[in-house]
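Engineer: For the working numbering, add 3 to where a residue sits in the sequence shown, where the first one is 1. Yeah, the Cβ is synthetic: ideal placement off N, Cα and C, and Gly gets one too. One structure is given below, represented as structure tokens, and several questions about it will come after.
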Amino acid sequence: VHFILSGNCAVLKPSEVSQATEKILADLIPKYLDQDCYAVVCGGAEETKTLLENRFNHIFYTGSQAVARLILQAASVHLTPVTLELGGK
């Protein structure tokens, strides 16, 4: 929700673990928000890897430390600032 409230364009990549939520977001965001400004990318590790090859102004990630390392490595190519929220169970 914060990415919408910030007024910035955003690409959302939901977790592939929660496929029902991923599908709902993929259906609703393009339906109700400007498709020139908001996009949803669904998929697993390969889609995430491909997505991270793009240049972004900022990357925000919530999840595991293992994936965070991969995101930091990919972000370092373009010197993209990253915010990580690494939680436990």
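Out of curiosity, what's the CA-to-CA distance linking residue 83 and residue 5?
Structural biologist: Here the question's residue 83 lines up with position 80 in the sequence shown. Here the question's residue 5 lines up with position 2 in the sequence shown. Whole-angstrom Cα-Cα distance: 19 Å.
Engineer: Could you compute how far the alpha carbon of residue 94 sits from the alpha carbon of residue 59?
Structural biologist: The displayed coordinates of the chain run from 4 to 92. Any statement about residue 94 would go beyond what the structure contains.
Engineer: Classify residue 43 as buried or exposed, calling it buried when 16 or more other Cβ atoms lie within 10 Å of its own Cβ.
Structural biologist: In the sequence shown, counting from the first residue as 1, residue 43 sits at position 40. Looking at its Cβ environment, which holds 16 or more other Cβ atoms inside 10 Å, residue 43 is buried.
Engineer: Tell me whether the stretch 74-81 and the stretch 47-57 touch, counting them as touching only if at least three CB pairs, one residue from each stretch, are closer than 8 Å.
Structural biologist: Flag = yes, the stretch 74-81 and the stretch 47-57 touch.
Engineer: Straight-line CA distance for residue 35 to residue 86?
Structural biologist: Taking the sequence shown and counting its residues from 1, one reaches residue 35 at position 32. Taking the sequence shown and counting its residues from 1, one reaches residue 86 at position 83. Roughly 27 Å between the two C-alpha positions.
Engineer: When we look at the beta-carbon of residue 27 and count the other beta-carbons within 10 Å, is it buried (16 or more) or exposed?
Structural biologist: Residue 27 sits at position 24 when you count from the first residue of the sequence shown. Under this definition residue 27 is an exposed residue.
Engineer: If you drop the 5 nearest sequence neighbours on each side, which residues of the same chain put their C-beta closer than 6 Å to that of residue 65?
Structural biologist: For the purposes of this step, residue 65 is taken as the residue at position 62 of the sequence shown. Same-chain partners within the cutoff: 88.
Engineer: Determine the DSSP secondary structure at residue 85, reduced to helix, strand or coil.
Structural biologist: As a first step, residue 85 is located in the sequence shown; it is residue number 82 there, counting from the start. In the structure shown, residue 85 sits in a strand (DSSP, three-state: E or B).
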